[in-house]
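K.L.:
Each step along the sequence shown adds one to the number in the working numbering, with nothing skipped, and position 303 is 303. The beta carbon of each residue, even a glycine, is placed where N, CA and C say it ideally should be. Model, not experiment: these values are computed from the prediction. Take a look at the following structure, please.
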Amino acid sequence: MKKYTSEAGQHFELTDDAFTIAEFSESKSEGTFQGKPIGFFKDAFLRYSRDRVGMIALICIVVIILFSIFAPVLSRYGYNDQDLNAANLPPKVPGLEKIGIMDGKTWLTNRRVDQLENTNRYPEGSILQVINHRTVQGVEMCDVQVDAYVYAGVDADVYHWLGTDYLGRDLWVRLWRGARVSLFIAFVSVFCNVCIGVVYGSVSGYYGGKADMVMMRITEIVGAMPQIVIVTLFVLFFGSGIWSIIFCLLVQNWIATARVVRAQFYKYREYEYVLAARSVGVQDGALIFRHILPNSLGPVITQAMMSIPGAIFTESFLAYIGLGIQAPEASMGVLLQTGRQVLLQYPHQTFAPAIVISLLMVAFNTLSNSLRDAFDPSQRGA
């Protein structure tokens with residue numbers, strides 16, 4: 001017999017028989033978990049896969065990468081194969097030529113009528129249409145539509161899907177060769193920038209204090225240097241080439257990643273799990289790279305995706321002003337710079353690289369926005 005007192009102050013007695021041992025049973029449990037637990041990265045991937053715009057951007061990037069890898073290899077032409085007889089030819093695609101699209105035809109203006117019968121100047125079958133007859137200073141003139149490929153004297157089975165440039169080089173091959181070079185420069189420079197920025201920002205954000213102050217002042221000094229000056233110095237000392245452009249992009253572009261990582265480390269370094277790991281003697285290196293950094297990868301990945309279009313644009317701009325890749329190598333900037341010189345006469349030489357670089361810029365920016373939303377912790381489980 002044991003005595004008990006209720007909260008109301010009443011006294012009562014209970015024997016041991018009044019108590020029974022409660023055993024766990026499935027029927028007495030409040031409920032069971034439905035489904036398997038989802039990790040952070042899997043949850044981010046599921047959210048991203050539901051973003052149709054982001055998936056379209058990713059598919060566009062993958063298609064361009066595949067074309068840049070395989071199109072130059074599968075073509076019968078090399079990116080620097082020259083044929084001056086086939087210079088500045090318009091696009092001609094098998095199948096499309098039969099419906100009047102990309103059929104290799106072009107117009108020749110201000111041609112003398114009395115020379116149209118000259119087969120040395122106009123090979124047989126090259127003239128398709130003669131219009132706009134007029135007399136200029138006593139000479140009868142006209143405009144002539146010709147089959148540019150017959151007019152140039154090239155073989156009948158020759159097709160240039162995007163035409164040729166002023167040296168007779170196939171623009172289809174040079175376009176995807178240029179895309180390959182630009183993407184290679186962008187990916188390598190961004191990868192190196194991320195590695196440098198992650199290490200630099202991790203150390204700065206983890207230790208803080210004077211170390212952080214000194215390291216951040218260094219980034220401000222490096223970031224204050226005009227990029228065009230840095231590029232000019234690199235070109236003067238190391239020459240123009242792929243690796244010179246990559247080194248130019250490495251000088252300053254790691255700073256943005258370092259600042260993002262530093263902010264993440266300031267956020268996570270005081271969390272309970274970090275303090276618990278430090279209290280049991282975990283070394284600083286393990287705390288940085290095994291405990292804190294994995295939680296900061298979301299913003300790092302997003303920052304990397306946002307840096308790729310910037311690197312592509314910078315490379316194209318440098319090549320456009322003559323400080324980037326030099327002939328005979330191709331890049332998006334080289335193709336745009338070459339096409340600009342004949343924009344009024346042969347606009348097709350500019351359209352293709354302009355469209356591809358625009359697609360890359362829009363696709364990577366869209367992809368980075370989608371990844372930013374997917375890795376947002378506040379959206380987890382949504």
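1) Which value, in whole angstroms, describes the spacing of the CA atoms of arginine 47 and leucine 293?
2) Glutamine 129 by DSSP, collapsed to three states: which one?
3) Sorted by chain position, which residues of the same chain lie with C-beta nearer than 8 Å to phenylalanine 247's C-beta, five sequence neighbours on each side aside?
4) Between which two residues does the alpha helix (DSSP H) holding asparagine 369 run?
5) Scan the stretch 64-150 and note each continuous beta strand (DSSP E) run of 3 residues or more that stays entirely inside, going in chain order.
6) Helix, strand or coil: which one does DSSP assign to threonine 257?
7) Cα-Cα, which of Tyr266, Ala263, Leu287 is closest to tyrosine 273?
8) Since aspartate 170 sits in a beta bridge, which residues does DSSP pair it with?
9) Are the beta-carbon atoms belonging to valine 194 and alanine 304 less than 7 Å from one another?
10) Return the bridge partner residues of isoleucine 329 from the DSSP annotation.
11) Could you tell me whether the Cβ atoms of alanine 311 and alanine 186 are closer together than 7 Å?
12) In whole angstroms, give me the CA-to-CA distance for valine 231 and threonine 119.
13) By alpha-carbon positions, which one of Asn88, Gly95, Val144, Asp103 ends up nearest to aspartate 114?
14) Do leucine 171 and glycine 163 have their C-beta atoms closer together than 7 Å?
15) In its own chain, which residues sit with a C-beta less than 6 Å from the C-beta of serine 75, not counting the 5 before and 5 after it?
16) Give the C-beta separation of aspartate 155 and glycine 125 to the nearest angstrom, bearing in mind that I take them to be a contact with Cβ-Cβ under 8 Å.
17) Would you mind giving the Cβ-Cβ distance between alanine 255 and valine 222, rounded to the nearest angstrom? I have them listed as a contact below 8 Å.
18) For valine 356, which residues of its own chain have a beta-carbon under 8 Å away from its beta-carbon, when the five flanking residues on both sides are left out?
19) For a quick check, are the C-beta atoms of alanine 152 and asparagine 85 less than 7 Å apart?
20) Going along the chain, which residues of its own chain have a beta-carbon closer than 7 Å to the beta-carbon of leucine 250, five neighbours each way excluded?
21) Quick check on this structure: which residue in Val136, Tyr271, Arg121, Cys142 has the alpha carbon closest to the alpha carbon of glutamine 129?
22) Label serine 341 either buried or exposed according to how many other C-beta atoms from any shown protein chain fall within 10 Å of its C-beta, with 16 as the threshold for buried.
23) How big is the Cα-Cα spacing for glutamine 326 and aspartate 165?
24) So, helix, strand or coil for arginine 50, using DSSP?
25) From leucine 336 to threonine 350, what does the alpha carbon distance come to, in whole angstroms?
26) Which whole-angstrom value is the C-beta distance of glutamine 252 and glycine 205, which I expect to be below 8 Å?
27) Proline 299 lies in the alpha helix (DSSP H); which residues open and close that run?
28) For a quick check, are the C-beta atoms of glutamate 315 and serine 182 less than 7 Å apart?
29) Return the CA-CA distance between alanine 258 and methionine 215, expressed in angstroms with no decimal places.
30) Shortest alpha-carbon distance to glycine 168 belongs to which of Ala87, Leu343, Val139, Ala224?
31) Do serine 296 and valine 261 count as a contact pair if the criterion is CB distance below 7 Å?
32) For isoleucine 245 versus glycine 322, is the C-beta distance shorter than 7 Å?
33) Assuming lysine 105 and proline 91 make a contact with CB atoms under 8 Å, what is their CB distance in whole Å?
34) Taking the beta carbon of arginine 375 as the centre, do at least 16 other beta carbons fall within 10 Å, making it buried, or is it exposed?
35) How many Å lie between tyrosine 149 and valine 158 at the Cα?
36) Which stretch, first to last residue, makes up the alpha helix (DSSP H) that contains serine 279?
P.N.:
With the given structure in hand:
1) Arginine 47 and leucine 293: Cα-Cα distance of roughly 22 Å.
2) strand
3) Phe234, Phe238
4) 348-374
5) 105-112, 127-136, 139-147
6) Three-state DSSP puts threonine 257 in a helix.
7) For the residues Tyr266, Ala263, Leu287, the minimum Cα distance to tyrosine 273 belongs to Leu287.
8) Thr164
9) yes
10) Isoleucine is not the amino acid found at residue 329; the sequence shown has glutamate there. BP columns for glutamate 329 are empty, so no partner.
11) yes
12) Valine 231 and threonine 119: Cα-Cα distance of roughly 53 Å.
13) Val144
14) Yes, the Cβ-Cβ distance between leucine 171 and glycine 163 is below 7 Å.
15) The answer, listed in chain order, is Val173.
16) Between glycine 125 and aspartate 155 the Cβ distance is about 13 Å, and since that is not below 8 Å, they are no contact.
17) Per the sequence shown, residue 255 should be read as isoleucine rather than alanine. At roughly 7 Å, the Cβ-Cβ gap stays under 8 Å, so isoleucine 255 and valine 222 are in contact.
18) Ile64, Leu175, Ala179, Met332
19) yes
20) If you ignore the 5 residues before and after leucine 250, its C-beta comes within less than 7 Å of the C-beta of Ser189, Cys192, Asn193, all in its own chain and listed in chain order.
21) Cys142
22) The sequence shown places glutamine at residue 341, not serine. Exposed.
23) 16 Å
24) coil
25) 6 Å
26) Between glycine 205 and glutamine 252 the Cβ distance is about 20 Å, and since that is not below 8 Å, they are no contact.
27) 297-320
28) yes
29) Roughly 10 Å separates the two Cα atoms.
30) Glycine 168 has its Cα closest to that of Ala87, out of Ala87, Leu343, Val139, Ala224.
31) yes
32) no
33) Incorrect: roughly 10 Å between the Cβ atoms, too far for contact.
34) Per the sequence shown, the amino acid found at residue 375 is phenylalanine instead of arginine. By the 10 Å Cβ count, phenylalanine 375 comes out buried.
35) 8 Å
36) 272-279
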